[in-house]
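Each number in our numbering comes from the position in the sequence shown (counting from 1) with 596 added on. Just so you know, even glycine gets a beta-carbon here, dropped at the ideal spot from N, CA and C.
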Amino acid sequence: MNLYKYVSEQLNKTLGFSARLEVPRNREFGDFSTNAAMIMAKNAGKNPRDMATEILPKIQKLDFIESATIAGPGFINLKLRNDFLWRAAQTASKITPAPIPMIIDMDYGAYNVAKSLHIGHMRTSIVGDVLYRLGRELGHKMISYNHIGDWGRPMGLVIAWIEKLHPDWPFFAADFDPNGDYSQYTIDPHELDTYYPKSSTLAKQDEEFMAHAQKITAELQNGHAGYTALYNIFLPIALASMDKTIQLLNIVPFDNDLGERNAAKYTAQAEKMLRDKNLLVPSDGAEIVIVKRDTDNKPMPPVMFYNSRGAVTYDATDIMALYYRKITDNPDHIIYLTDKRQSLHFEQLFRVAELLNMFPAESLEHIGYGTLNGPDNKPFKTRDGNVAELNDIIEMVQSAARARVRESGKNLDDETVNNIALAALKFNDLSHDLRADYIFDPSQITAFEGRTGPYILYTAVRLNSVLRRGGDFTTPHQMDDLCPEERNLLMELLDFDRTVQSAFDNRATDLIANYAYDLCQLVNTFYHNCPILREDVPVETRAMRLGLVRIAVDVLNKTLNLMGLKIPSEM
């Protein structure tokens, strides 16, 4: 139940006016407040407090209102009935479906073949996964794409590097037999991840190597049998390596691992659409699409479709990928999640899509996320100054979590420690505004106290333990008497539905992460101040509080699942 929406709608219906609800900083003043009387008074030319006095009886007749009082120049504070809150909370974990379910394509991840996932892939993977989960929970048909770098010059560089290492392999022979058995040829995944970086570095220094790699690229794309066979050997190895990292991060597997190679199949169709609208313009041997508008007050470069050598460009593959999604998914909306430094590229792409009448501008969305910085507030690097690999980051956090566990004197198995590390890593990433940069410090994020993932996991473990020890009980159907801690917890639980909707609608994963923390704070305040299993607790109170714990477990477990966290059995 979206409590905020329900109260707002009932209030507006009663007053015949669209009132705005606010949550007072101090709950002692009420659960909600509204300035309806002040706005109505202004429209009617009346004194705001007089108007508040006039409409107060109407508000007090609402069956969920315990009291309505006038404050200040004409604000009205509202307190809801305890029995209403208790009944509503029985379904607190249920999410209201979106009024208009959509087909939404999400493009995140963007991993590269033969190149290790690095720290730059962390936010797109973690945040993209949570947005995917949130959209699915709201009833949208979510379709995820990992637009992998699996084509173009990088593949030519990788094959050229393999030839340099293994010139005797049959894939490079003029008499290559495409029907032969080549199962004996394999590449170690860790070694493969070094091929693109090493070959790229060499190509910048060696023109002959670069020229050879470009030739291989063209021949691969034209169906060279040997290169294709070799490509089909290392591609699955690269994808399997990506999957291992995805599993470590507990990310929902992508619906589609389709990248540049798949997009390239639709070159002819994309080109025809552009030529039919006379959008391809010759430019120094290349062919471009002009996307600049007369109203632009900033530079807007053209989009290059074919380069001067006649090869399709990176920009072109994104146009083709859009075409593919149009003819397969026909989505209502597409979300791209990348580094914010790619904003210009996506603005250009969206303009091309609009020129082609492929998608309206409002159905295409790019979310640019900020960078992870080290304690020196500069982009996070390893000790030797290199970009940190994502697996190294995961291991770094696991080591920090293991050290924390040792310090606490606890004896936890590796799976539990890894779950703690996962919570530390993902909560830290999700709790920040995804569009902003933030400081990444493994030693701080693994703390068991404060605004951290381990603190949230510990609270979930505590609640599950209370339920197990509580045994069988019958949740009361009616509850009129609530102490402040119980009431505050109920109000927070009833804000779950609104938070999920708001987090997705605003593409703000920090809302769901910080909701989890705020909920845990209230859970622990309730736990410390309201005895549950103590022998002197009356049976009725015990049953009510166990019922409240069960609701909290349902909501918190669902919240952590939406964040892709795993709750251990003990901590």
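Nearest to residue i (by Cα), restricted to the options the options
i	options	result
Leu1085	Val1149, Gly970, Met1159	Val1149
Asn1014	Ala864, Val1135, Ser1165	Ser1165
Asp679	Glu985, Leu854, Asn1024, Arg1083	Arg1083
Ala667	Gln656, Asp659, Arg645, Thr687	Arg645
Ala907	Glu1011, Gln817, Pro693	Gln817
Ser1004	Tyr919, Glu1136, Pro1050	Pro1050
Leu960	Glu943, Leu1152, Leu753, Asn1110	Glu943
Glu1045	Ala685, Tyr1113, Ser663, Arg905	Tyr1113
Asn874	Leu952, Val848, His820	Leu952
Val983	Ile715, Lys609, Leu599, Arg921	Ile715
Tyr1054	Ala917, Ala1019, His820	Ala1019
Leu945	Glu1088, Ala866, Asp1093	Ala866
Arg1047	Gln780, Ala836, Asp1025, Thr1012	Asp1025
Phe830	His743, Asp789, Leu681, Pro975	Asp789
Tyr932	Gln606, Gly724, Thr1095	Gly724
Val848	Ser779, Ser721, Asp771	Ser721
His820	Asp872, Pro832, Asp851, Asp771	Asp771
Leu658	Gln686, Asn608, Lys1006	Asn608
Phe768	Ile1163, Glu759, Gly776	Glu759
Leu854	Leu870, Gly1067, Val887, Pro832	Pro832
Leu870	Val948, Lys1006, Glu618, Gly748	Val948
Gly1160	Met838, Leu845, Gln606	Leu845
Ile1147	Ile1163, Met1087, Asp914, Asp1132	Met1087
Ile1163	Ser1061, Asp802, Arg1138, Glu1131	Ser1061
Residue j beta carbon less than 7 Å from that of residue i
i	j	result
Tyr741	Asp703	yes
Val709	Ala834	yes
Asp746	Glu624	no
Arg1064	Leu1129	no
Pro1038	Val993	yes
Asn1110	Ser1027	yes
Ser795	Leu753	yes
Leu986	His717	yes
Leu1152	Ala1017	no
Leu676	Glu662	yes
Val1145	Leu1078	no
Asp1106	Asp1029	yes
Ala694	Met597	no
Phe1036	Leu968	yes
Cys1126	Glu1081	yes
Cβ distance (whole Å) where residue i is taken to contact residue j below 8 Å
i	j	result
Gly970	Asp1033	Incorrect: roughly 11 Å between the Cβ atoms, too far for contact.
Thr1042	Ala1104	About 25 Å; that fails the 8 Å criterion.
Trp757	Tyr791	5 Å
Arg621	Thr630	In fact, because the Cβ distance is near 15 Å, the residues do not count as touching under 8 Å.
Ile1108	Leu1142	With a Cβ gap of about 26 Å, Ile1108 and Leu1142 do not count as contacting.
Gly882	Tyr902	The question names Gly, but residue 882 in the sequence shown is Ala. Sure, about 6 Å apart at Cβ, within 8 Å.
Ile1052	Phe1023	6 Å
Leu727	Phe1092	With a Cβ gap of about 17 Å, Leu727 and Phe1092 do not count as contacting.
Lys690	Arg1094	Contact doesn't hold; Cβ gap of about 13 Å is too wide.
Arg921	Ile930	7 Å
Leu918	Met954	6 Å
Thr934	Met1167	Between Met1167 and Thr934 the Cβ distance is about 35 Å, and since that is not below 8 Å, they are no contact.
Sequence-distant residues of the same chain with beta carbon closer than 7 Å to residue i, five excluded per side
i	result
Met1140	Pro1072, Met1075
Ile812	Gly752, Ile755, Ala756, Tyr823
Ser904	Asp880, Gly881, Ala882
Leu798	Phe805
Phe976	Ile715, Leu968, Asn969, Gly970, Ala984, Phe1036
Asp925	Ile699, Asp701, Ile739
Other residues of its chain near residue i: CB distance less than 6 Å, five sequence neighbours each side excluded
i	result
Ile884	Val877, Pro898, Met900
Leu599	Leu1090
Ala706	His743
Met647	Ala633, Met636, Ala637
Glu950	Ala957
Pro750	Tyr792
Asp692	Residue identity differs from the one stated: residue 692 is Thr in this sequence, not Asp. Cβ within range, chain order: Asn598, Asp1093.
Contact with chain D by residue i, beta-carbon distance below 7 Å
i	result
Lys601	In the structure shown, chain D cannot be found, because there is only a single protein chain.
Close Cβ partners of residue i (< 8 Å) along its chain, the five nearest in sequence each way excluded
i	result
Phe613	Ala632, Ile635, Met636
Arg937	Gly964
Glu815	Tyr823
Closer than 6 Å: residue i CB and nearest the ligand MN heavy atom
i	result
Asp839	Of the ligands one can find in the structure shown there are none, so the ligand MN has no counterpart to examine.
Q. Counting Cβ pairs closer than 8 Å, one from the stretch 642–659 and one from the stretch 670–685, do we hit at least three?
A. yes
Q) Three or more beta-carbon pairs under 8 Å between the stretch 726–742 and the stretch 691–707, yes or no? A) yes
Q: Say whether the stretch 780–791 touches the stretch 847–862, bearing in mind that this needs 3 or more beta-carbon pairs closer than 8 Å, one atom from each stretch.
A: no
Q: Could you say if the stretch 807–816 and the stretch 720–731 meet the contact criterion of at least three C-beta pairs nearer than 8 Å?
A: no
Q. Would you call the stretch 685–700 and the stretch 820–840 touching, i.e. three or more CB-CB distances under 8 Å?
A. no
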